[in-house]
Ligand SMILES: Nc1ncnc2c1ncn2[C@@H]1O[C@H](COP(=O)(O)OP(=O)(O)O)[C@@H](O)[C@H]1O
Ligand SMILES: [Mg+2]
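In the working numbering, the protein residues as written are 228 to 565.
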C-alpha cells in the first residue's frame, strides 16, 4: 500500500473572530503515526478537517505527498477520515457497509470482494459480515467503521478521537489493534485525541496544541523528558508534574517542577511533609503529601507497588531522586532540566 507524507505549512484558520489555528506548521512523514494532542477546543479537529478538505484554511498550504492540495476536492485527496461518531448505514449488512465506498467508486465486483475480505480479516469481522449494525456491540461497530476506511486503501488515515465512545477496556484493546494495523500497513496516520495516555502509547511522535498554537512536537520520550513549557509539562504524565511557583522559592522568576515518580519518601530527604491521602492502584501508589504546614502546597508522589506506602497523617521526609525542571514563570518556557 502506498503511503503519503502529509503537511501543513503556516496554516491559519479563523471562524469570525475565533482563531482556531494560528500559523500551524506540522508534517507527518510517509508511514508515520503522528498524534495531535490537546484539550477540547484547541483546534485538533479543524486541523484534520483542513487536511481532508472539509474545511478551507484562511491562509497557508496543505500538502499530500509533496503536492499542494488546497484546491483539490476532498474525494480526490486519497485520505480516509474516521470520526468519533461512526455513522453506519443501519439497513445495510456489515459487508455492504464496508463495501460502500468502493461501490460509489464503481470498482469491479471481484476486486470489491477481495478488498472487503481483506479488511474484514484484519479487523476480525469475518464472522459478522451478514449482520446489521444494530446487532453489533459498540466496539464491533467501530471496527466496521475502520474497515470501511481501510478498504479504500488510502494514502493516509485521519482519525478524530475514534475510540472516545468506547468503554475503557475496549479502548485499550482497540488502541493495540490500531497500532498493530499501522505496523502491518505502514500507512500514514494522523490521530487526534485529548487523552495523553492514548497519545503517548500510540504515537511515533506527538504534537501538542493549545489554543490553536503548536507547543511541541517530539517522540513520547522526548516530550516527557524535556517538555518545552509548563503547559506541556503539566499535560503529559500521570499524575501530572508537581509545580512549585516562584513565590515559594528564593527565585520568584522561576517555577520548579518535579514528576511524581521522582520523589522518594522516608530516606531522610530534606522536605518535611504530612501524608494527606494514599491511593493504591495495584500496580502503584499515589501519595498526596502537604509540605510547609497546613496551607502549604500539595505534592503527589508516585511509588512502585512493591514499596509499602505511608499512612494518612504520618510525618514523612521527601527527597528528590531525579531531574528537577526549571521554567520561566512568566513565559512558561523550559529553562533547564537537571
Ligand atoms: N464551524 C465552526 N464555526 C465556528 N467556530 C468553530 C467551528 N469549528 C470549530 N470552531 C471553533 O474553533 C476552535 C477549535 O475547534 P476544534 O478544532 O473543533 O477543536 P478540538 O477538535 O481540538 O476540540 C474552537 O474554539 C471551536 O469553537
Ligand atoms: Mg475535536
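Ideal placement from N, C-alpha and C gives every residue a C-beta, glycine not left out.
Residue 401 sits in a helix when the DSSP states are folded into three classes. Secondary structure within the segment 336-385: not one fully enclosed beta strand (DSSP E) run of 3 or more consecutive residues is present. The three-state reading of DSSP puts residue 509 in coil, since its state is none of H, G, I, E or B. Taken in chain order, the unbroken stretches of beta strand (DSSP E) that lie wholly in the segment 441-471 and span 3 residues or more are 469-471. Closer than 7 Å to some heavy atom of ligand 1: that describes the Cβ of residue 272. Cβ-Cβ distances below 7 Å link residue 350 to 370, 373 and 374 in the same chain, with the five nearest sequence neighbours on each side left out; the list follows chain order. Residue side-chain check: residue 387 places its Cβ nearer than 7 Å to a non-hydrogen atom of ligand 2.
For ligand 1, a non-hydrogen atom lies closer than 7 Å to the CB of residue 265. Apart from the 5 residues on each side of it in sequence, residue 456 sits with its Cβ closer than 8 Å to the Cβ of 442, 443, 554, 558, 559, 560 and 561 in its chain, given in chain order. Beyond the five residues adjoining it in sequence on each side, residue 297 comes within less than 6 Å, by CB distance, of 289 in the same chain, given in chain order. Following the DSSP letters along the chain, one finds residue 232 in no alpha helix (DSSP H), marked with neither H nor E. Taking every protein chain shown into account, the CB of residue 520 has fewer than 16 other CB atoms within 10 angstroms, so this residue is exposed. Under the DSSP assignment, residue 308 falls in the beta strand (DSSP E) whose first and last residues are 306-309. Cβ-Cβ distances below 7 Å link residue 435 to 264, 265, 442, 443, 450, 459 and 462 in the same chain, with the five nearest sequence neighbours on each side left out; the list follows chain order. For the 8 Å CB-CB criterion, residue 382 and residue 231 form a contact. Distance from residue 437 to residue 269 at the Cβ level is roughly 6 Å; contact confirmed, criterion being Cβ atoms closer than 8 Å.
Residue 307 places its beta carbon 8 Å or farther from that of residue 273. Taking a C-beta distance under 8 Å as the contact criterion, residue 291 and residue 378 do not qualify as a contact pair. For the 8 Å CB-CB criterion, residue 280 and residue 301 form a contact. Residues of the same chain with a CB within less than 6 Å of the CB of residue 391, apart from the 5 flanking positions on each side, are 311 in chain order. Rounded to whole angstroms, the gap between the alpha carbons of residue 299 and residue 532 is 54 Å. Just measuring C-alpha positions, the residue of 238, 262 and 257 sitting nearest residue 426 is 262. Taking all protein chains in view, the Cβ of residue 364 is surrounded by fewer than 16 other Cβ atoms within 10 Å, so the residue is classified as exposed. Of the candidates 552, 340, 356 and 341, the residue whose Cα lies closest to the Cα of residue 472 is 552. In terms of side-chain proximity, the C-beta atom of residue 268 is found nearer than 7 Å to a non-hydrogen atom of ligand 1.
Taking non-hydrogen atoms of ligand 1 into account, the C-beta of residue 247 is found less than 7 Å away from one of them. In the DSSP annotation of this structure, the continuous segment of the beta strand (DSSP E) that includes residue 530 starts and ends at 524-531.
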